[in-house]
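Colleague:
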């Protein structure tokens, strides 16, 4: 068994990058890391997306960073500007990340020279001890609901199959438990589905906002609705809020995503469960500075809240953030990282990230749930083999697409079949909510720990330990 090498026919990543750049605000453009920028197992080609011409720094080193950047020559545009958070942002002084536009300067050199200056500073002085584990400077990573490489496990397909997971037999499963899903919000008309009709609120799109100018379903439209549907199918009594934190076709710059999550959670008590079906691989396997406010608050101030985070769809052992915080000191009880099982439940799905940092696995292949109506255009190149393993881990993996690229297929029933760790995570969140509703007084972290400790080992036909 070996990792599949680069597939010359697989242009998914480039196409996803084009789509992302088409919807990013003016002045922002994403690019892809070289495979060597990611710590990874031999022969893998996992990559992450990041914003070109920008760096992220901790607010306490902003002055130093600006001084360093201005001292580096630029080829053409030499502007240096703090572009995020916008002036007038509520609570701006408490926000840790600052995004800087660096003009036409070598981004790697900018980061390297800022790190060198920081290393020359007094190492005994730490102005923000709570954030000591986070980098003081980094690229601006793009978080995505599809994984670090921007690509879904597969594309949604129309289906007449029954719901998966099926509707729970107990309408009170999860009753009284609040769950916030940080994703793409809800599509207009989501209440047509009986299991979403009551008890589900959030950021709702305008009519037809899931369609582009050609009336084609936008990439990842309906992702948040699908995630909510999976959760409510298994825990119909849970009270669910779905935010639009991943607002650029299922993606966002890390600091914008972190701030949107904080805005969705508010300044009071947080819900017992947060479900995040998004993340990214990172340069040098570092924590996401853009999520520092959220993750520090989760660790230090919200002991009654647990984060259920998808492990990503890159098919690698490289850590995927923030899910990988599940094994980091201080977050072990606060974060549960979730990988995906294949359809028969007998082992992990080929696309699922895996390794000692993934705490639990749940069904995530060919799930069936709420989607949108319209015509979908398939953008991925067709392949007749597994994208991740050669020979495949198992027969019938979702890498073998049901449609050829550019096929246009109608979705008439507002249901879809879809795969990914994005859909395994809400299933785990639903199990925790149900467990809490059956054990009055049990906190979410306690429930998560008890459920995870009772999970069975996951078979892996590649002879890798998962």
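Residue numbers (my numbering): 10 to 475. Ideal Cβ placement from N, Cα and C applies to all residues, glycine included.
On a CA-only basis, which of 165, 404, 391 and 388 is nearest residue 431? Give me that one, please.
Modeller: The residue given as residue 431 occupies position 422 in the chain shown. For residue 431, the nearest C-alpha among the options comes from 165.
Colleague: Need the endpoints of the beta strand (DSSP E) that residue 67 sits in, please.
Modeller: The count along the chain shown starts at 1 and reaches residue 67 at position 58. Run containing residue 67: 58 to 67, per the beta strand (DSSP E) assignment.
Colleague: Could you tell me the alpha carbon to alpha carbon distance between residue 50 and residue 421, rounded to whole angstroms?
Modeller: Translated into positions along the chain shown, residue 50 becomes position 41. Translated into positions along the chain shown, residue 421 becomes position 412. In this prediction, residue 50 scores a pLDDT of 43, lower than 50, which makes its location untrustworthy; the coordinate-derived value is nonetheless stated afterwards. If I take the Cα positions, the gap works out to 42 Å.
Colleague: In angstroms, rounded to a whole number, what distance separates the CA positions of residue 74 and residue 123?
Modeller: What you label residue 74 is simply residue 65 of the chain shown in a count that begins at 1. What you label residue 123 is simply residue 114 of the chain shown in a count that begins at 1. Those two C-alpha atoms are separated by around 6 Å.
Colleague: Determine the extent of the beta strand (DSSP E) in which residue 248 is found, giving its start and end residues.
Modeller: Residue mapping note: residue 248 aligns to position 239 of the chain shown, counting from 1. Segment 248 to 252, the beta strand (DSSP E) holding residue 248.
Colleague: Verify whether the separation of the beta carbon atoms of residue 434 and residue 191 is less than 8 Å.
Modeller: Position 425 of the chain shown, counted from the start, is the residue given in the question as residue 434. Position 182 of the chain shown, counted from the start, is the residue given in the question as residue 191. It is not a contact, given that the beta carbons lie outside the stated cut-off.
Colleague: Beta-carbon within less than 7 Å of residue 437's beta-carbon, same chain only, minus the 5 sequence neighbours each way: which residues are those?
Modeller: Numbered from 1 along the chain shown, position 428 holds the residue referred to as residue 437. Cβ neighbours of residue 437 beyond the five flanking positions: 317, 345, 347, 369 and 371.
Colleague: Could you check if residue 413 is buried or exposed, using at least 16 other CB atoms within 10 Å of its CB as the buried criterion?
Modeller: Within the chain shown, numbered from 1, the residue matching residue 413 stands at position 404. With fewer than 16 other Cβ atoms within 10 Å, it is exposed.
Colleague: Assign residue 355 to one of two classes, buried (16 or more other C-beta atoms within 10 Å of its C-beta) or exposed (fewer than that).
Modeller: The count along the chain shown starts at 1 and reaches residue 355 at position 346. So residue 355 counts as exposed.
Colleague: Excluding the five sequence neighbours on either side, which residues of its own chain have a C-beta within less than 6 Å of the C-beta of residue 139, listed in chain order?
Modeller: Counting from one through the chain shown, the residue named residue 139 turns up at place 130. Excluding residues within five positions, the ones whose Cβ falls inside 6 Å are 305.
Colleague: Pull up the distance between the alpha-carbon of residue 98 and that of residue 373, whole angstroms please.
Modeller: Counted from its first residue, the chain shown places residue 98 at position 89. Counted from its first residue, the chain shown places residue 373 at position 364. Their backbone Cα atoms lie some 38 Å apart in a straight line.
Colleague: For residue 107, name the three-state secondary structure that DSSP assigns.
Modeller: In the chain shown, the residue the question calls residue 107 occupies position 98. Of the three classes helix, strand and coil, the one that applies to residue 107 here is strand, per DSSP.
Colleague: Could you give the first and the last residue of the continuous beta strand (DSSP E) run that contains residue 187?
Modeller: As a working note, residue 187 is residue 178 in the chain shown. Looking at the DSSP string, the run of the beta strand (DSSP E) that includes residue 187 is 187 to 191.
Colleague: Near residue 118, which residues of its chain fall below 8 Å by C-beta distance, leaving aside the five closest residues on each side in sequence?
Modeller: Your numbering for residue 118 matches position 109 in the chain shown. Excluding residues within five positions, the ones whose Cβ falls inside 8 Å are 81.
Colleague: Could you tell me whether the segment 315 to 331 touches the segment 218 to 231, where touching means 3 or more Cβ pairs closer than 8 Å?
Modeller: Counting Cβ pairs under 8 Å, fewer than three are found: no touch.
Colleague: Starting from residue 288, follow its DSSP beta bridges and name the residues at the other end.
Modeller: To locate residue 288, count along the chain shown from 1; it is residue 279. BP columns for residue 288 point to 153.
Colleague: From the DSSP output, read off the bridge partner residues of residue 346.
Modeller: Taking the first residue of the chain shown as position 1, residue 346 is located at position 337. According to DSSP, residue 346 bridges with 318.
Colleague: How should residue 6 be labelled, buried or exposed, when 16 other C-beta atoms within 10 angstroms of its C-beta is the threshold for buried?
Modeller: Outside the displayed span of the chain (10 to 475) sits residue 6, for which this structure offers no information.
Colleague: Helix, strand or coil for residue 417? Go by DSSP, reduced to three states.
Modeller: In the chain shown, counting from the first residue as 1, residue 417 sits at position 408. In this structure, residue 417 counts as strand in the three-state DSSP scheme.
Colleague: For residue 197, does the three-state DSSP call read helix, strand or coil?
Modeller: Taking the chain shown and counting its residues from 1, one reaches residue 197 at position 188. If DSSP states are grouped into helix, strand and coil, residue 197 belongs with coil.
Colleague: Classify residue 84 as buried or exposed, calling it buried when 16 or more other Cβ atoms lie within 10 Å of its own Cβ.
Modeller: For this step, residue 84 is matched to residue 75 along the chain shown. That one is exposed.
Colleague: Please work out which residues of its chain come closer than 7 Å, Cβ to Cβ, to residue 13, disregarding the five sequence neighbours upstream and downstream, and give them in chain order.
Modeller: On the chain shown, residue 13 is found 4 positions in, with the first residue counted as 1. Below a pLDDT of 50, predicted positions are generally treated as unreliable, and residue 13, at 48, falls in that range; the measurement from the model is reported next regardless. Result list for residue 13: 395, 396, 397, 398 and 399, in chain order.
Colleague: Short of 7 Å in beta carbon distance, which residues of its chain neighbour residue 197, apart from the five on each side in sequence? Order them along the chain.
Modeller: Within the chain shown, residue 197 is the residue found at index 188, counting from 1. So the list reads 213, 214, 215, 216 and 218, once near-sequence residues are dropped.
Colleague: Would you kindly report the start and end of the unbroken alpha helix (DSSP H) that includes residue 444?
Modeller: For the purposes of this step, residue 444 is taken as the residue at position 435 of the chain shown. Segment 430 to 447, the alpha helix (DSSP H) holding residue 444.
Colleague: Please classify residue 48: does DSSP put it in a helix, a strand, or coil?
Modeller: Taking the chain shown and counting its residues from 1, one reaches residue 48 at position 39. Reliability fails at residue 48, whose pLDDT of 48 lies under 50, so the model's placement of it is uncertain and no value is given.
Colleague: With DSSP collapsed to three states, give me the class of residue 255.
Modeller: Residue numbering aside, residue 255 sits at position 246 when the chain shown is read from its first letter. Coil, per DSSP.
Colleague: Can you name the start and end residues of the alpha helix (DSSP H) that residue 386 belongs to?
Modeller: As a position in the chain shown, residue 386 is number 377, starting the count at 1. Premise fails: residue 386 lies in the beta strand (DSSP E), 383 to 386, not in any alpha helix (DSSP H).
Colleague: Please name the residue, chosen from 235, 126, 274 and 163, that lies closest to residue 408 on a Cα-to-Cα basis.
Modeller: Residue 408 sits at position 399 when you count from the first residue of the chain shown. It is 163 whose Cα lies nearest to the Cα of residue 408.
Colleague: Return yes when the Cβ of residue 404 is within less than 8 Å of the Cβ of residue 7, no when it is not.
Modeller: This structure gives no information on residue 7, because the portion of the chain shown stretches from 10 to 475.
Colleague: Would you mind reading off the limits of the beta strand (DSSP E) that contains residue 211?
Modeller: For this step, residue 211 is matched to residue 202 along the chain shown. Element bounds for residue 211: 209 to 211.
Colleague: According to DSSP, is residue 427 part of a helix, a strand, or is it coil?
Modeller: As a first step, residue 427 must be located in the chain shown, where it is residue number 418. Three-state DSSP puts residue 427 in a strand.
Colleague: Among residues of its own chain, excluding the 5 on either side of residue 271, which ones have a beta-carbon nearer than 7 Å to its beta-carbon?
Modeller: Within the chain shown, residue 271 is the residue found at index 262, counting from 1. Contacts found: 302 and 303.
Colleague: Hey, out of 109, 78 and 441, whose CA is closest to residue 315's CA?
Modeller: Translated into positions along the chain shown, residue 315 becomes position 306. Per the Cα distances, 441.
Colleague: Would residue 144 be called buried (16 or more neighbouring beta carbons within 10 Å of its own) or exposed?
Modeller: What you label residue 144 is simply residue 135 of the chain shown in a count that begins at 1. Buried, since its Cβ has 16 or more Cβ neighbours within 10 Å.
Colleague: Among 206, 147 and 425, which one has its Cα closest to the Cα of residue 300?
Modeller: Taking the chain shown and counting its residues from 1, the one referred to as residue 300 is at position 291. Ranking the options by Cα distance to residue 300, first place goes to 147.
Colleague: Are there 16 or more other CB atoms within 10 angstroms of the CB of residue 350, so buried, or fewer, so exposed?
Modeller: Counting from one through the chain shown, the residue named residue 350 turns up at place 341. The residue is buried, with at least 16 neighbouring Cβ atoms inside 10 Å.
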